[in-house]
Each structure stands twice: as C-alpha cells, then as structure tokens.
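In my numbering, the protein residues as written are 44 to 88.
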C-alpha cells in the first residue's frame with residue numbers, strides 16, 4: 044500500500060488506488076483518486 048500522506052491537492056485521507064502503472068525503468072506507481080476533490084496523482088508503492 045502507499046504511504047498515507049493524503050491528497051496533495053486538498054489533504055484529504057479519503058482516496059482510493061485506481062490502478063498500478065509500470066514505469067519504463069522497472070518501478071511501479073499507483074494512480075490514486077481523491078474522493079473529496081476528484082484529483083488524480085501518482086505515488087510509489
């Protein structure tokens with residue numbers, strides 16, 4: 044799971060992991076969506 048820092052836009056802890064994306068360097072990132080402000084962002088697992 045991701046570190047629980049909350050949404051970078053509004054600070055809400057109410058968000059979900061949408062999908063995992065593989066990066067070209069072999070690492071992966073989670074695509075998250077905030078349920079409060081509806082913004083998306085990526086975080087590393």
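Beta carbons are placed, not taken as given, at the ideal position from N, Cα and C, and that holds for glycine. Remember, it's a predicted structure, so these values are computed and weren't measured experimentally.
- Closest by C-alpha distance to residue 53, out of 80, 69 and 72, is 80.
- Residue 65 and residue 71 have their C-alpha atoms some 4 Å from each other.
- The beta carbon of residue 87 sits closer than 6 Å to the beta carbons of 72 from its chain, once the five residues preceding and following it are set aside; these are given in chain order.
- Counting C-beta atoms within 10 angstroms of its own C-beta, residue 75 has 16 or more neighbours from the protein chains shown and is therefore classed as buried.
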